[in-house]
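Asker: Below is one structure. I have some questions about it.
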Amino acid sequence: MSALLWLPLVVGLGIVLTVFQAHLREEQPAWAVLVAFSFVAVLFLGLIPQFSNLFGAITALAREAQVSSLYLNPVLKTIGVAYVTSFGVQISREAGEEVISGMIELSGKVVILLIALPLLQAILATLFGILGF
């Protein structure tokens, strides 16, 4: 199914589940979290082929532009870490666990900085080479 046709289905289902969740959260908060988690998991599994197509297109564009994998890999890894971190943060916040969601967010930021470190080193080495240091 094409992404353009899939989006209205996801939005519609999301709205229906949101209304359902409002009632469920009052009576059965644990089930509300489970329903939300299930929706996100099914949606994520459905999006995996779309992610694959997206990363393939980005890789093809980088190859055509002759961008080194030294620069492309950290960008793709950072995007992946950002999405996974966001997923964990939202699930934790949905469950009312602000401290846990804050730690997941902090961990994601640290991992992104670690991923970016080789790229920063390459940029600094190039800059120092140009400046003659």
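Residue 202, in this note's numbering, is where the sequence shown stops; the numbers in between run on with no holes. Just so you know, even glycine gets a beta-carbon here, dropped at the ideal spot from N, CA and C.
#1: Rounding to the nearest angstrom, what Cα-Cα distance links Ser155 and Gly177 in this structure?
#2: Using CA coordinates, which residue listed in Val180, Leu196 and Leu78 is at the minimum distance from Leu116?
#3: For Ala99 versus Gln90, is the C-beta distance shorter than 9 Å?
#4: Under 7 Å Cβ to Cβ from Glu166, same chain only, skipping five residues before and after it: list those, please.
#5: Please report the straight-line C-alpha distance between Leu130 and Ile199, rounded to a whole angstrom.
#6: Under three-state DSSP, which class holds Ser137?
#7: How is Gln97 classed by DSSP in three states: helix, strand or coil?
#8: Classify Ala105: buried if its beta carbon has 16 or more other beta carbons within 10 angstroms, exposed otherwise.
#9: For the alpha helix (DSSP H) holding Glu167, just list the boundary residues, first then last.
#10: Within 10 angstroms of the Cβ of Ser161, are there 16 or more other Cβ atoms? Answer buried if so, exposed if not.
#11: Of all the options Phe202, Ile192, Gly201 and Gln97, which has the alpha carbon lying nearest to the alpha carbon of Tyr140?
Answerer: Taking the coordinates as given:
#1: Translated into positions along the sequence shown, residue 155 becomes position 86. Translated into positions along the sequence shown, residue 177 becomes position 108. Cα to Cα, Ser155 sits roughly 9 Å from Gly177.
#2: Working through the sequence shown from its first residue, we reach residue 116 at position 47. Checked all of Val180, Leu196 and Leu78; the closest Cα to Leu116 is Leu78.
#3: As a working note, residue 99 is residue 30 in the sequence shown. As a working note, residue 90 is residue 21 in the sequence shown. The answer is no: Cβ separation not under 9 Å.
#4: What you label residue 166 is simply residue 97 of the sequence shown in a count that begins at 1. Answer for Glu166: no residue qualifies.
#5: Here residue 130 refers to the residue found at position 61 when the sequence shown is read from its first residue. Here residue 199 refers to the residue found at position 130 when the sequence shown is read from its first residue. Approximately 28 Å between the Cα atoms of the pair.
#6: Mapped onto the sequence shown, residue 137 falls at position 68. Ser137: coil per DSSP, three-state reduction.
#7: By 1-based counting over the sequence shown, the position of residue 97 is 28. DSSP places Gln97 in coil when its eight states are reduced to three.
#8: As a working note, residue 105 is residue 36 in the sequence shown. With 16 or more other Cβ atoms within 10 Å, it is buried.
#9: For the purposes of this step, residue 167 is identified with residue 98 of the sequence shown, where counting begins at 1. Glu167 -> alpha helix (DSSP H) spans Glu167 to Leu200.
#10: Residue 161 sits at position 92 when you count from the first residue of the sequence shown. Ser161 comes out buried.
#11: For the purposes of this step, residue 140 is identified with residue 71 of the sequence shown, where counting begins at 1. Cα-wise, what sits closest to Tyr140 is Ile192.
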